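Asker:
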Ligand SMILES: [Zn+2]
């Protein structure tokens with residue numbers, strides 16, 4: 399298939415459906431961002447209305463409209479004028495765009511699974527980037543989704559299925575564990591965070607061994623480039639720790655779209 403033709407049914411899908419998918423994506427992004435902040439602050443996940451992180455005033459309904467409210471409020475809280483976390487509109491836009499790209503690329507079942515998995519990845523992306531924290535229950539859920547995905551959608555395939563998923567989990571976990579052991583032996587400190595091995599394991603459960611290794615390599619390259627960049631602009635020193643988990647998530651968002659063309 400020519401890389402310039404995105405999908406055979408592309409021209410049959412009308413713009414209205416794209417708009418709905420985008421709105422669903424940005425709304426999920428908005429919800430998952432506030433969920434991640436609540437996870438980080440150990441707050442109740444479902445109760446309580448959305449409030450400003452700084453002045454804790456309850457937000458009006460129109461402050462919660464994804465992307466538009468951020469620009470209308472010029473990136474500041476309506477009440478206290480403190481800057482709104484830039485991660486919020488980025489998360490919204492990212493998920494909106496990803497949902498559309500997955501929708502163009504995949505059939506309905508694959509689209510649903512990739513969207514759910516990326517939504518969970520977004521939580522890890524945000525918590526690791528903001529506080530170097532990865533939460534096990536989120537990653538456990540990702541492993542379950544990964545296993546279900548490979549069992550349900552590849553029912554007639556010998557090379558996928560449960561074995562494919564389990565090998566991905568074990569290999570992801572072992573890869574980071576072994577590198578960390580060597581690193582610790584040489585430098586007497588951990589090279590990776592405790593959560594990274596569970597994150598790579600859950601990525602392995604969804605993508606399988608081969609793609610998981612590709613994701614690991616690309617994430618290592620992008621995090622090294624990012625490290626060089628923030629060193630150059632003097633935002634960091636050589637000792638600054640990078641949220642490697644966020645880079646794993648970032649590469650995983652786009653991996654399904656890259657591999658189709660290679
Ligand atoms: Zn405020």
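Numbering (the numbering used here), first residue to last: 399 to 660.
All C-beta atoms, glycine included, are put in the ideal place defined by N, C-alpha and C.
Computed from a predicted structure; not experimentally measured.
For residue 577 versus residue 602, is the C-beta distance shorter than 9 angstroms?
Answerer: Locating residue 577 in the chain shown gives position 179, where the first residue counts as 1. Locating residue 602 in the chain shown gives position 204, where the first residue counts as 1. Contact: no.
Asker: When you compare each of 477, 642, 425 and 467 to residue 739 by their alpha carbons, which one comes out closest?
Answerer: Here the chain comprises residues numbered 399 to 660, so residue 739 is not present and cannot be evaluated.
Asker: Under 8 angstroms from any heavy atom of ligand 1, does the C-beta of residue 450 make it?
Answerer: As a working note, residue 450 is residue 52 in the chain shown. Indeed, a heavy atom of ligand 1 lies less than 8 angstroms from the Cβ.
Asker: Can we count residue 480 as close to ligand 1, meaning its CB is less than 8 angstroms from some heavy atom?
Answerer: Taking the chain shown and counting its residues from 1, one reaches residue 480 at position 82. Yes; taking the cut-off as 8 angstroms, the Cβ of residue 480 has a heavy atom of ligand 1 nearer than that.
Asker: Could you give the distance in angstroms between the alpha-carbon of residue 545 and the alpha-carbon of residue 504?
Answerer: As a first step, residue 545 must be located in the chain shown, where it is residue number 147. As a first step, residue 504 must be located in the chain shown, where it is residue number 106. Rounded to the nearest angstrom, the two C-alpha atoms are 19 angstroms apart.
Asker: Sorry if obvious, but does the Cβ on residue 455 come closer than 8 angstroms to a heavy atom of ligand 1?
Answerer: Within the chain shown, the letter at position 57 stands for residue 455. Distances from the CB of residue 455 to the heavy atoms of ligand 1 include at least one below 8 angstroms.
Asker: For residue 474, name the three-state secondary structure that DSSP assigns.
Answerer: As a working mapping, residue 474 is identified with position 76 in the chain shown. DSSP places residue 474 within a strand segment (E or B) once states are collapsed to three.
Asker: Terminal residues of the continuous alpha helix (DSSP H) containing residue 489?
Answerer: The sequence position of residue 489 within the chain shown is 91, counting from 1. Per DSSP, residue 489 belongs to the alpha helix (DSSP H) from 485-503.
Asker: Locate the alpha helix (DSSP H) running through residue 595, then write down its first and last residues.
Answerer: Locating residue 595 in the chain shown gives position 197, counting from the first residue. Counting along the chain, the alpha helix (DSSP H) containing residue 595 begins and ends at 592-630.
Asker: In its own chain, which residues sit with a C-beta less than 6 angstroms from the C-beta of residue 574, not counting the 5 before and 5 after it?
Answerer: Your numbering for residue 574 matches position 176 in the chain shown. For residue 574, where only same-chain residues beyond five positions count, the Cβ hits under 6 angstroms are 590, 594, 595 and 598.
Asker: Would DSSP call residue 645 helix, strand or coil?
Answerer: Indexing the chain shown from 1 puts residue 645 at position 247. Of the three classes helix, strand and coil, the one that applies to residue 645 here is helix, per DSSP.
Asker: For residue 535, does the three-state DSSP call read helix, strand or coil?
Answerer: Taking the first residue of the chain shown as 1, we reach residue 535 at position 137. Three-state result, residue 535: helix.
Asker: Do residue 455 and residue 477 count as a contact pair if the criterion is CB distance below 9 angstroms?
Answerer: In the chain shown, residue 477 corresponds to position 79, counting from 1. In the chain shown, residue 455 corresponds to position 57, counting from 1. Result yes, Cβ atoms of residue 477 and residue 455 sit closer than 9 angstroms.
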